[in-house]
Amino acid sequence: MPENTTVPAVERALDILECLAQGEGRTMKEITEELGIPGASLFRILKNLTARGYLLKLEGQPVKYTLGYQILHLAARYSDTSSLGSLAKPYMERLSGLTGQTVQFAVYRGGAFMYIEQVLSAAPVNIMARLYTPMELNASAGAKCILAQMDSESQRKIIREAGLKRKTEHTIVEEEALIRELEVTRERGYGVDSEEFALGIGCIAVPVFGAGNHCVGALGITGRMEDYRGGKQFEDLKEQILRTAQEISARLRGGSQF
1 MPENTTVPAV ERALDILECL AQGEGRTMKE ITEELGIPGA SLFRILKNLT
51 ARGYLLKLEG QPVKYTLGYQ ILHLAARYSD TSSLGSLAKP YMERLSGLTG
101 QTVQFAVYRG GAFMYIEQVL SAAPVNIMAR LYTPMELNAS AGAKCILAQM
151 DSESQRKIIR EAGLKRKTEH TIVEEEALIR ELEVTRERGY GVDSEEFALG
201 IGCIAVPVFG AGNHCVGALG ITGRMEDYRG GKQFEDLKEQ ILRTAQEISA
251 RLRGGSQF
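Mapping the sequence shown onto UniProt numbering, position 151 (from 1) lands on 151, and the numbers just tick up by one.
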């Protein structure tokens with residue numbers, strides 16, 4: 001095949017991604033007008049890109065499209081060792097060894113809360129999260145921890161856009177109840193998930209701060225709920241994760257760009 005040969009469908013898909021990377025979401029009509037792609041062809045490409053996670057379909061009047069989470073996943077794979085997850089990983093590995101828990105690092109990116117790094121415990125049965133995948137903000141200690149650092153207006157906006165889906169009987173699904181939970185989380189300095197995502201599973205998360213005391217993410221540990229019901233075991237876990245989060249924050253404030 002000659003080197004200058006192009007595949008029209010691929011060219012159009014790339015044009016769409018570059019178009020949507022310029023800012024706010026666009027409707028099919030706006031994309032057609034900007035790129036000149038026929039409606040039928042555009043519909044098929046949008047459908048395929050959305051199915052693969054490269055685009056998000058924003059329901060509304062009218063329906064709009066924006067870049068999806070798979071773009072972030074690819075970008076993260078390309079990032080070098082100075083990335084936030086890479087910087088935090090040695091601390092996470094040590095924390096997992098000290099506590100016997102699975103350790104995760106959560107961030108808020110592209111309008112969603114997600115884990116970007118994870119260290120599994122040495123336990124025979126492990127609790128593993130999917131990285132770079134949006135998670136329910138009301139069923140994650142990490143998400144609640146990050147959300148708690150935001151102002152009230154931002155909290156409510158994010159909550160209403162995401163919706164509050166029930167994962168278990170313990171999941172908070174009322175907006176005002178979640179707002180109160182966020183206030184408590186901010187005051188005590190850590191967030192908890194007490195069987196809110198899955199029965200039998202508990203989690204503690206602590207905010208991590210960078211330059212300007214800006215919250216860049218949350219460090220969390222996850223394990224059996226029996227370890228998170230209070231008492232000495234819970235206090236020991238809390239002390240270890242608080243200390244580790246402070247160390248990561250100190251490292252970030254010491255010249256990191258995050």
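For each residue, glycine too, the CB sits at the ideal point set by N, CA and C. If you're wondering where the values come from, they're calculated on a predicted model, not measured in any experiment.
| query | result |
| --- | --- |
| Neighbour-count burial assignment, Leu178, 16 or more Cβ in a 10 Å radius | buried |
| Leu120: first and last residue of the uninterrupted beta strand (DSSP E) it sits in | Counting along the chain, Leu120 falls outside any beta strand (DSSP E), and DSSP gives it neither H nor E. |
| Bounding residues of the beta strand (DSSP E) (the contiguous stretch that carries Gln233) | Gln233 -> not in any beta strand (DSSP E); alpha helix (DSSP H) instead, spanning 231-253. |
| Beta-carbon proximity check, Ile71 vs Tyr91, cutoff 8 Å | no |
| As assigned by DSSP and simplified to three states, the class of Pro134 | coil |
| Minimum C-alpha distance to Pro207 - residue among Val107, Tyr65, Ala139 | Val107 |
| Euclidean distance between Cα positions of Gln155 and Arg109 | 15 Å |
| Under 8 Å between C-beta atoms of Arg253 and Gly217 | no |
| Beta-bridge pairing of Pro207 - partner residues as DSSP gives them | Ala218 |
| Span separating the alpha-carbon of Tyr132 from that of Gln118 | 11 Å |
| Which listed residue (Thr168, Asn138, Phe197) has its alpha carbon closest to that of Ile158 | Asn138 |
| Collapsed DSSP secondary structure at Ile158 in the structure displayed | helix |
| Rounded C-alpha distance that separates Ala245 from Glu175 | 28 Å |
| The stretch 57-73 in contact with the stretch 180-199 per 3-pair CB rule at 8 Å | no |
| Reduced DSSP category for Asp193 - H, G, I as helix; E, B as strand; rest coil | strand |
| Among Leu14, Leu49, Pro8, Gly60, nearest to Thr27 - alpha-carbon criterion | Gly60 |
| Nearest-angstrom beta carbon gap, Gln240 and Leu49 [assumed within contact, 8 Å] | That pair is no contact at about 43 Å. |
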